[in-house]
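Heads up, the thing below is written out as structure tokens.
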Amino acid sequence: MSPPCEHLAVHSVPHHTLTRLAREWLAEDTPNFDPAGVCVGSQEVEARLLCKTPHSILAGCPFFTAVFTEVGCTVDWIYQEGAEIGEDAVTLTAVVRGPANSLLLGERPALNCLARASGIATRCSQLQAIAKAHGWHGEVAGTRKTTPGFRLVEKYAMLVGGVSMHRQDLSGMVMLKDNHVWASGSISEAVKAARSVCGFSSKIEVECRSAEEGREAARAGADVVMLDNFQPQELRVTAQALKEEFPALLIEASGGVTPENVALYLSSHVDIVSLGCITQGCPVVDFSLKVQKPDARLNRMFNQPQID
Numbered sequence: 002m003s004p005p006c007e008h009l010a011v012h013s014v015p016h017h018t019l020t021r022l023a024r025e026w027l028a029e030d031t032p033n034f035d036p037a038g039v040c041v042g043s044q045e046v047e048a049r050l051l052c053k054t055p056h057s058i059l060a061g062c063p064f065f066t067a068v069f070t071e072v073g074c075t076v077d078w079i080y081q082e083g084a085e086i087g088e089d090a091v092t093l094t095a096v097v098r099g100p101a102n103s104l105l106l107g108e109r110p111a112l113n114c115l116a117r118a119s120g121i122a123t124r125c126s127q128l129q130a131i132a133k134a135h136g137w138h139g140e141v142a143g144t145r146k147t148t149p150g151f152r153l154v155e156k157y158a159m160l161v162g163g164v165s166m167h168r169q170d171l172s173g174m175v176m177l178k179d180n181h182v183w184a185s186g187s188i189s190e191a192v193k194a195a196r197s198v199c200g201f202s203s204k205i206e207v208e209c210r211s212a213e214e215g216r217e218a219a220r221a222g223a224d225v226v227m228l229d230n231f232q233p234q235e236l237r238v239t240a241q242a243l244k245e246e247f248p249a250l251l252i253e254a255s256g257g258v259t260p261e262n263v264a265l266y267l268s269s270h271v272d273i274v275s276l277g278c279i280t281q282g283c284p285v286v287d288f289s290l291k292v293q294k295p296d297a298r299l300n301r302m303f304n305q306p307q308i309d
């Protein structure tokens, strides 16, 4: 077996957070009795984690392990966090051991997390590859369009996939969107009010629909201007004009960006391109966990592994 996950991102999630999430997921899935657990008892078993989506990026190992640790099982990883799983139709990814009823208790919450996180990391890795192929040196970023209650895992998966997480929540970087501006009266008033609260320690970003709105935001003291729903050619012209006038201003492109058209938005005057599709509608990676029959263990003794 290879050493446990060693991707730098694994050190970003505190142990107590992993434990809390694992307990919440288990409680959601088994709020009281587990009748099916009676059928299998507590004899020690071994299960193989199989990946059935070739060329996927593995993400979510700490969460997967935390679920099984909580139910008294152990996980030995064959692939490390952030690794690309091979081209085979079925790839052995990890081995889980523990009491049968406990292992099956943790199976679905752990698989759900791993499948979702790996799907996001895989999409992020693909987007980064596109940016690299075009020689772009800005940042591909996610958004706050995350699944309620699952944001931490989805943001973590972005890290593993190599893109920026963007802001974590409303308490982080200030983003003034069209509704904030309309409710406050103007971009300048909105920026002034936000700055009076967040002070020097938080950046302020303003969603803008034109070059003039971008100029107003920059003059008011915004750190980042988001050019929202611009067509690629219009984006290039507007971004260049704003950069020439405000060299320190960060320009973000967002709205309508997809994996299919992202290359069109990679302008030299654009610093960030954010995509909601990193988390919304992202395909999951197909994993399954197969408990091994006794004869499968005997076969391994003779170097004849079976995949049930």
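With the first letter of the sequence shown counted as 1, position 245 gets the number 246 in our numbering; the numbers rise by one all the way through. Quick reminder that beta carbons are idealized off the backbone N, C-alpha and C, glycines included.
Limits of the unbroken beta strand (DSSP E) element including C52
E45 to C52
Give the range of the beta strand (DSSP E) segment to which F288 is assigned.
F288 to V292
Own chain, CB closer than 8 Å to V263, minus 5 neighbours either side, in chain order
L128, I131, A132, V141, V274 and L276
Are the beta-carbon atoms belonging to G162 and L267 less than 9 Å from one another?
no
If you count every other CB in all the chains shown that lies within 10 Å of the CB of Q293, and 16 or more means buried, which is it?
buried
Can you give the Cα-Cα distance for D77 and K156, rounded to whole angstroms?
25 Å
Beta-carbon contacts of V154 that lie in its chain and below 8 Å, excluding the five residues immediately before and after
L22, G61, F64, C114, R117 and A118
Given a cut-off of 9 Å on the beta-carbon distance, is the pair C52 and D287 in contact?
It is a contact, given that the beta carbons lie within the stated cut-off.
Where the alpha helix (DSSP H) through R21 begins and ends
Looking at the DSSP string, the run of the alpha helix (DSSP H) that includes R21 is H16 to D30.
Residue from V97, L93, G83 and A219 with nearest C-alpha to G120:
Among V97, L93, G83 and A219, the Cα nearest to that of G120 belongs to G83.
Can you give me the start and stop residues for the alpha helix (DSSP H) that L106 sits inside?
A101 to A134
Local Cβ density within 10 Å of D272, reported as buried at 16 or more and exposed below that
buried
Given that a residue counts as buried once 16 or more other Cβ atoms are within 10 Å of its Cβ, and exposed if not, what is V11?
buried
Based on Cα-Cα distance, which residue from P149, E206, T92 and P55 lies nearest to G173?
E206
Could you tell me whether the Cβ of P248 comes closer than 9 Å to any Cβ of chain C?
The chain labelled as chain C is not found in the depicted structure, where only one protein chain is given.
Helix, strand or coil: how does DSSP classify D179 here?
helix
Have a look at S197, M227 and W26 and flag the residue whose alpha-carbon is nearest the alpha-carbon of G257.
M227
Name the one or two DSSP bridge partners that V207 has.
L177 and V226
Beta-carbon separation of L106 and T31 under 9 Å?
In contact: L106 and T31 (Cβ atoms closer than 9 Å).
Assuming S103 and V72 make a contact with CB atoms under 8 Å, what is their CB distance in whole Å?
4 Å
Go through its chain and collect everything with a Cβ distance to K1's Cβ below 6 Å, but skip five positions before and after it.
With the chain represented from 2 up to 309, any question about residue 1 goes unanswered, as that position is not in the structure.
Would you mind sorting K193 into buried or exposed? The rule is 16 or more other CB atoms within 10 Å of its CB.
exposed
Whole-angstrom distance between Q241 and G186, CA atom to CA atom
One Cα belongs to G186, the other to Q241, and the distance between them is close to 28 Å.
Take the Cβ of A158 as the centre, count every other Cβ of all protein chains shown within 10 Å, and call the residue buried at 16 or more, exposed below.
buried
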